Amino acid sequence: MTETQVWALVFVALTFALYIYIAWRSRVKETKGFFVAEQNVPAVANGAAVAADWMSAASFISMAGLIAFLGSDGSIYLMGWTGGYVLLALLLAPYLRKWGKFTVPEFVGDRFSETVRSVSAVVAIIVSFTYVVGQMAGGGIVFSRFLEIPQAGGVAIAAAVIFTYAVFGGMKGITWTQVAQYTVMIVAYLIPAWAVAHAMTGIPIPQVSFGRILEELNALQAEFGLDQYTQAFTARPQLDVFLVTMALMIGTAGLPHVIIRFYTTKSVRGSRWSALWALVFIALLYTTAPAVGAFTKLNLLDGVQGKAVDALPQWVQNWQATGLVAVSENAETVNSVTNNADEFAAGNADLLVNNDILVLASPEIAGLPAPIVGLVAAGGLAAAMSTAAGLLLVISSSVSHDLYFRYVDHHASEARRLGVSRIAMGLAVLVAIYFGINPPAFVAQVVAFAFGLAASTFFPILVLGIFWKRANAAGAVSGMLAGLVFTSSYMIYTLEVFGTEKHEHIFGISPEGIGTLGAVVNLVVTIVVSMATRPPSHEVQEMVEQIRYPSEREETHA
Amino acid sequence: MSDDVMTPEGGPPPADAGNGWRKEYWRKNLRLMVALLIVWFAVSFGCGILFVEQLNQVVIAGFPLGFWFAQQGSIYTFIVLILVYAIRMDRLDREYGVHERDHDGGLT
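Next comes the structure, spelled out in structure tokens:
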């Protein structure tokens, strides 16, 4: 075992033990604890849990790497995945918390109709499953590099730990474990970032100091024949950048595993403050990521530029084993770098570097000591596991609460409800392990799908359901279906899924950005159909009125 | 900020106003929300995407300004927007007597 592996093992074992211990302390005996953590989570802790739930393996492992290769256009992820919290805080969180039940489909079921509830439950399950597969695969990458065990074994260990704390603790166990996972994740992200920033500029605040290297990076990129790093719209046309950013924002606000976290606060007021804390915690990582991307890109290019193939730095060799870094056979010295495997295979670049290794390899590339490298491994796993747990809870609650007890067993006892929910979660874990080990071909497009679907189905009808009393069931059903069909057709048209042929983008609009237009389609159809049909019942309109006010007026109590 | 803000326009409106207070509370809520969303759009989509190239002509501390808004500034702005929303809504709740009695997570 190398020193790095020993440290990785130590950190991973310690943190896993911590998660299991916390879950044991917060095990639950009734459904309110299982689904919404007894609605008793303080705003700051809930904010940390939202942040851990939200920041997935993709945020921790891939995002900085993506930004490093996209340059200025990488900001679609930065703005898209944070701006959604403004929408969530202002348009959804307080109202859904006031109405306060267990799941997102339950709200639309009460507000519109049982049909809408069932459709939403199925969409929630699909969105969450596509997402959870990515988390499982992400965990596998970390394990296979640092512990040098097969990816399947890594996925199984991570799943066993998630299973233990999610099944026994439900939302309550997940919440407190996520608080711990957020802490592990952010420490693991910030320490190497501070160290790299300090080593390169003498200022240990990466958010400030990466400005100092941008000019140098622009110049170096030019020597490699790449676009300037800070030049906008090199990766996508302006229209597409706009649409993708918007789709990621409204998709974020429409994702069931994010929304459901605002059901667990103590009060309506708590949900507003919780949204603030969530964004503060997320921003710590999201404002650091572009700096990590820029520093690592500079280090990387600088380290390999013009080097003979047998004189490349050690990290190149370490990562070659995973297949995520490769050196061209024809190259004698390195003069070009790509993150695109097809381009590399065509012989157009001397060195291939996959996006996903940049954060994990950043301490190695910068020559930091082994314990830090091990810490980063534990952080990557915390990111993957916290998100996977949150998603599994959405799947479990949709299956048991929105489908099974609605249609099969309407009069189940509390103990039985809890038992069925645990079994549903257990099965979901098994399915997730299977797909984590044998990822279906479409995993690369998972992000586009999950966000596009959430943006074009949930978000518009949730907002209209809260802000427009006149919206009715007929409108919501047709709006959701129109958004779903429109968005998924364009995705299938432009992507290679289930063997379909890939077509050119229309007006340069990518499948990641189409969710924005899908949301507009949903919005327009919902409004038009609602206006053409009868208004919702008086009771429903009164319910919408009620969720607008956090509590009864004081004098009615007096 | 203390709890006894009984300024002329503050304090619960007269009881005989019926549902009038509800309309007023909701209108103020919507006005705040729209104002914050305008800033949200202007900073992220405006500075970070629509006018990013023009702003990039200005360089501060090594950052082209449009690039800075896209990768840093908009995120800081989002935090401030939610902070302003949470504080103003706390105040509005209290003004209309619909605030909750816990002091969970707020600054007051």
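Line by line, the protein sequences give chains A and B.
Residues 1 to 558 (UniProt numbering) are what the first sequence spells out, left to right.
Residues 1 to 108 (UniProt numbering) are what the second sequence spells out, left to right.
All C-beta atoms in this analysis are idealised placements derived from N, C-alpha and C, irrespective of residue type, glycine included.
The model shown is predicted, which means the values in this text are computed figures rather than measured ones.
- Listed along chain B are M89, D93, V98, H99 and E100, each with a C-beta nearer than 9 angstroms to that of A/P550.
- Under the three-state reduction of DSSP output, A/T230 falls in the coil class, being neither helix nor strand.
- For A/A370, the enclosing alpha helix (DSSP H) has its first and last residue at A370 to S397.
- Closer than 8 angstroms to the CB of B/Q71 there is at least one CB belonging to chain A.
- Take A/D227, set aside five residues on each side of it, and the residues of its chain with a beta-carbon closer than 8 angstroms to its own are G71, Q221 and T234, in chain order.
- In this model, B/D90 and A/V327 are separated by some 58 angstroms (Cα to Cα).
- Residue state for A/T333 is assigned as strand, using DSSP reduced to three classes.
- Comparing alpha carbon positions, the residue from A/Y189, A/Q39, A/K172 and A/I157 closest to A/G374 is A/Y189.
- With contact defined as three or more Cβ pairs closer than 8 angstroms, the stretch 255-262 of chain A and the stretch 59-69 of chain A are not in contact.
- The beta carbon of B/A86 falls within 8 angstroms of a beta carbon belonging to chain A, placing the residue at that interface.
- When only Cα atoms are considered, B/I82 and A/I282 end up about 13 angstroms apart.
- Taking all protein chains shown into account, A/G293 has 16 or more neighbouring C-beta atoms within 10 Å of its C-beta and is therefore buried.
- The contact set of A/L214 on chain B, defined by CB atoms closer than 7 angstroms, consists of G62 and F63 in chain order.
- With a 10 Å radius around the Cβ and a threshold of 16 neighbouring Cβ atoms, A/W54 comes out buried.
- CA-CA distance, A/L239 to B/C47, rounds to 15 angstroms.
- Contact between A/R272 and A/A89 holds, with the beta-carbon distance rounding to 6 angstroms and staying under 8 angstroms.
- Remark: fewer than three beta-carbon pairs, one from each stretch, lie closer than 8 angstroms, so the stretch 106-124 of chain A and the stretch 423-439 of chain A are not flagged as touching.
- Neighbourhood of A/L279 in chain B, by CB distance below 7 angstroms: F78, I79 and I82, in chain order.
- For A/P290, the residues of chain B that pass the 8 angstroms Cβ criterion are Q71 and Q72, in the order they occur in the chain.
- For A/P369, the closest C-alpha among the options A/W315, A/H411 and A/V334 is that of A/W315.
- In terms of Cβ geometry, A/G84 and A/M200 do not form a close pair [threshold 8 angstroms].
- Contact of B/E53 with chain A is assigned, a C-beta pair being separated by under 8 angstroms.
- In this structure, A/M531 sits away from A/A166, with a CB-CB distance that is not shorter than 8 angstroms.
- The Cβ of A/V50 sits no closer than 8 angstroms to any Cβ of chain B.
- Close to chain B, meaning a Cβ-Cβ distance shorter than 7 angstroms, are the following residues of the stretch 79-90 of chain A: M79, T82, G83, Y85, V86, A89 and L90.
- Taking one beta carbon from each stretch, the stretch 40-54 of chain A and the stretch 377-393 of chain A have 3 or more pairs nearer than 8 angstroms; the two touch.
- Cα atoms of A/Y404 and A/F16: separation of roughly 32 angstroms, rounded to the nearest angstrom.
- For A/T175, not one C-beta of chain B is nearer than 8 angstroms to its own C-beta.
- The alpha-carbon separation between A/V431 and A/I527 amounts to approximately 38 angstroms.
- Contact check for A/A247 against A/G515 passes: the beta carbons are separated by less than 8 angstroms.
- With its beta carbon less than 8 angstroms from one in chain A, B/G48 belongs to the interface.
- For A/G139, the closest alpha carbon among the candidates A/E215, A/S59 and A/N218 is that of A/S59.
- Excluding residues up to 5 positions away in sequence, C47 and G48 lie with their Cβ nearer than 6 angstroms to the Cβ of B/F69 in the same chain.
- In terms of beta-carbon proximity, B/G20 stays away from the interface with chain A, with every pair separated by 8 angstroms or more.
- Listed along chain A is no residue with a C-beta nearer than 9 angstroms to that of B/I38; the closest approach is about 12 angstroms.
- The alpha-carbon of A/A121 is positioned some 18 angstroms away from that of A/T31.
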